[in-house]
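**Student:**
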Amino acid sequence: MTKLALALIFLLGITLRLVNIQDNNIVFDFDQIEDQFYTYKLAVDRDPLIIGRAVYGDARLHHGVFYYYYNLIP
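Each residue of the sequence shown is one higher than the one before, starting from 6 at the first, in this note's numbering.
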């Protein structure tokens, strides 16, 4: 039952994403550009990341870096 629920959520997410792509409703905003900048530094400059970028509103909190390493796959 859990696998079926997860599969339905996944299919709904893929369907919504494809509908938005077909309508040219793609937003590439500041957050995505910043993430790609850090991924570029990681891939091209070979600068390993240990701490992610600061969270808006509190410079003491940081995002994790797993997402940047995940972006390296494509």
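The beta-carbon is built from N, C-alpha and C at its ideal position, and this holds for glycine as well.
(1) CB Y72 to CB D34, shorter than 8 Å?
(2) So, with DSSP's three-state summary, where would you put L17?
(3) By DSSP's criteria, V60 is part of a beta bridge. Which residues make up the other side?
(4) Would the stretch 42–54 and the stretch 62–77 be scored as touching if the rule is three or more Cβ pairs under 8 Å?
**Tutor:** Walking through what the data contain:
(1) no
(2) Looking at L17 - three-state DSSP - the assignment turns out to be helix.
(3) In DSSP, V60 forms a bridge with D63.
(4) Short answer: they touch.
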